[in-house]
Amino acid sequence: MNRLHPLSAVSNAVSGAIIGFFLPFLTVSFLADPLGTNAVYALVPIGLVLGVSHGIATYYRFEYELSPDTFDVSSGVFARQSREIPYGRIQNVDLRQDLLHRLLGVAVVSLETAGGGASEATLSFVTKDEAERIRTEVRRLTAESGSERAASDERVSSTESATETPAVDADVGTETQRVTGSDTDSGIETEATDDHRVERTRLFELETRELLLYGTTAFSLSGVMLPVILFVFFTDGGSGVFTSGFFELSILLQAVLVVVPWALAAYLFSGLFTIARYYDFQLARAGDDYVYEHGLIQHYSGSIPIDKVQSVSITDNPLQRALGYAGLWVETAGYGPESSGGSQPTVPFATESRVYRFAERVTGIERPAFTDHPPIARRRYLARYTILATVFVGAVFVAAQVTALEQWYFAGLAFLAVPPAAHLKWKHMSYYLGEDHLVIRRGFWNRTTTVIPYYRIQTLTTNRTLLQRRLDLATLVVDTASSRTFSRSTPQIVDIDLEDARDVHDESRNRLERSLHERTRDGVETSPADGI
């Protein structure tokens with residue numbers, strides 16, 4: 001069994017010391033009468049000793065090992081816990097380094113499996129070389145595990161039928177040829193271990209010009225919130241910033257003076273965050289895995305087993321669409337290293353034609369011919385947004401009765417945005433029922449085109465709300481192993497004709513069963529996450 005880097009013991013001891021220092025103060029604040037305030041002087045040393053001791057004990061009790069069939073982790077000071085993670089269940093192996101980690105030459109390794117809201121195993125503070133060894137060995141052992149199962153299936157198929165010869169891993173071999181086509185940038189590297197050598201073929205590299213353009217067209221929640229946090233922190237909640245002259249201005253002018261600087265700061269910080277996160281982004285193929293790395297301050301490095309990919313998503317916003325750019329992400333059943341569910345960046349930003357060409361080579365799908373949603377769905381959105389605008393105007397009117405707001409009637413301009421908002425929502429919703437894939441497109445501000453292989457579908461559900469029944473509409477929910485996350489909604493074909501929803505449901509189910517049958521016949525392993 002292996003232990004973590006000794007810096008892990010230092011980190012655990014410091015964390016334990018902090019808890020051991022503040023816990024006595026919290027205890028005395030609640031039990032001041034029976035204990036007395038002087039008790040804190042006796043409890044603090046005890047808390048420090050116990051906290052440091054527990055941190056060091058946690059380090060010595062944490063062990064890991066790469067056995068032939070499973071990744072084994074043992075931990076726990078008082079309650080011992082041992083976990084054996086089969087290599088076939090591992091979705092992603094990710095390495096993360098913030099600035100301190102890079103200075104100290106250590107990394108954090110996370111192993112993601114299907115399902116769950118967190119990493120199955122996290123190794124904090126291992127050396128960079130050890131982290132690379134773990135990732136390479138896990139990839140190798142995962143590939144060997146899959147090959148053994150495929151060979152076993154082949155022997156069973158050969159016994160049952162001597163006239164049929166299964167093509168083991170034929171699906172994977174075809175995918176290799178597609179991915180390493182004209183979209184590969186350049187360069188073949190070799191990744192070596194003591195037992196084997198793996199060729200790494202570079203597939204994509206984010207150029208400086210594309211990175212800067214990505215930063216100017218991307219928006220992040222962190223960039224939106226940071227200006228507010230900095231303003232509150234450095235101005236003591238805004239005291240002294242807003243003078244009496246500011247409050248003498250009209251409410252509309254006050255809003256402009258507050259919102260415009262905030263929007264500019266949010267735009268600037270969003271761009272900086274995006275550039276820092278995707279700095280030096282590179283994607284390569286090593287064996288049966290996609291491997292990627294990126295990041296300026298916090299460095300991310302991970303691998304994505306090709307046979308674990310659940311779906312592919314193409315994303316863009318209005319500004320990126322106007323410039324002809326988009327991004328491509330692959331969805332796996334793991335949690336993901338960046339709090340993004342199982343969504344992993346593959347081509348974060350490139351020309352739209354290149355992104356679609358790459359998606360076609362990864363999934364084997366032809367260029368989709370989308371089917372639009374019925375016009376009656378647009379009428380539903382028109383009614384919905386009209387209700388929202390009415391509620392907004394009513395709220396502003398009520399606020400005007402209890403505040404100095406006088407020009408409340410300007411809120412009625414919200415009704416002018418209702419028709420274009422309803423039309424744009426309807427226009428950017430469509431679907432495509434392909435031969436081997438179901439494609440769903442949704443969203444205007446953040447449009448997502450999701451490509452789902454039929455054999456990855458877990459469940460198909462047709463839902464109808466009360467209003468949808470009146471309009472003879474329905475929603476088809478397509479659930480995969482990667483769609484059950486807090487940060488990402490399940491792919492849905494929303495507000496289509498009831499008969500169309502039933503047809504898509506039945507046809508998708510038939511093609512799912514056919515796809516699973518073909519993969520079983522061809523000797524391609526079908527995991528429990530591969531279908532119903």
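Mapping of the sequence shown onto full-length UniProt numbering: residues 1 to 532, in sequence order.
Beta carbons are placed, not taken as given, at the ideal position from N, Cα and C, and that holds for glycine.
- One thing to note: Val478 has its Cβ no nearer than 8 Å to the Cβ of Leu498.
- Ala266 is the residue among Thr217, Leu213, Thr216 and Ala266 whose C-alpha sits nearest the C-alpha of Pro227.
- Counting only unbroken stretches of 3 or more residues, the beta strand (DSSP E) elements lying wholly within the stretch 87 to 140 are 90 to 97, 106 to 113 and 121 to 127, in sequence order.
- A straight-line Cα-Cα distance of about 38 Å links Phe358 and Arg83.
- Annotated as distal: Val439 and Leu476, with beta-carbon spacing of 8 Å or more.
- Annotation: His101 to Lys128 spans about 9 Å, alpha carbon to alpha carbon.
- Taking 8 Å as the cut-off, the beta carbon of Tyr59 is found closer than this to the beta carbon of Asn12.
- In this chain, the alpha helix (DSSP H) harbouring Phe21 covers Pro6 to Phe30.
- Within the DSSP secondary-structure output, Asp289 pairs in a beta bridge with Ala286 and Pro305.
- Per DSSP, reduced to three states, the secondary structure at Val256 is helical.
- The Cβ atoms of Asp436 and Ile493 lie no closer than 8 Å to each other.
- Beta-carbon to beta-carbon, Asn463 and Asn317 are separated by about 28 Å, too far to satisfy the 8 Å threshold.
- Pairing Leu4 with Leu123 gives a Cβ-Cβ distance under 8 Å.
- Closest option to Leu95, judged by alpha-carbon separation, among Tyr292, Leu264, Phe30 and Phe71: Tyr292.
- The shortest C-alpha to C-alpha distance from Ser311 to any of Thr450, Leu99 and Gln458 is the one to Thr450.
- For the pair Ala333 and Tyr385, the CB atoms are not nearer than the 8 Å cut-off.
- By the Cβ neighbour-count rule, Val106 is buried, with 16 or more other Cβ atoms within 10 Å of its own.
- Nearest C-alpha to Leu203 among Arg133, Asp289 and Val224: Asp289.
- In the three-state reduction of the DSSP assignment, His428 falls in the coil class.
- Between Thr217 and Leu323 a beta carbon distance of about 7 Å is seen, short of the 8 Å cut, so the two are scored as contacting.
- Closest option to Gln407, judged by alpha-carbon separation, among Phe397, Arg367, Gly295 and Arg469: Phe397.
- By the neighbour-count definition (other C-beta atoms within 10 Å, threshold 16), Gly394 is an exposed residue.
- For Thr480, no alpha helix (DSSP H) encloses it; the enclosing beta strand (DSSP E) starts and ends at Leu473 to Thr480.
- With fewer than 16 other Cβ atoms inside 10 Å of its own Cβ, Thr465 counts as exposed.
- If you draw a straight line from the Cα of Asp506 to the Cα of Glu513, it comes to about 11 Å.
- For Arg3, the secondary structure class from DSSP, reduced to helix, strand or coil, is coil.
- CA-CA distance, Ala414 to Leu382, rounds to 13 Å.
- In this structure, the beta-carbon distance from Gly215 to Ile275 falls below 8 Å.
- At the C-beta level, Gln468 and Asp500 stay beyond 8 Å of one another.
- Using a Cβ distance threshold of 8 Å, Val108 and Ile134 do not count as a contacting pair.
- Here Val28 is not near Ile90, since their CB atoms are 8 Å or more apart.
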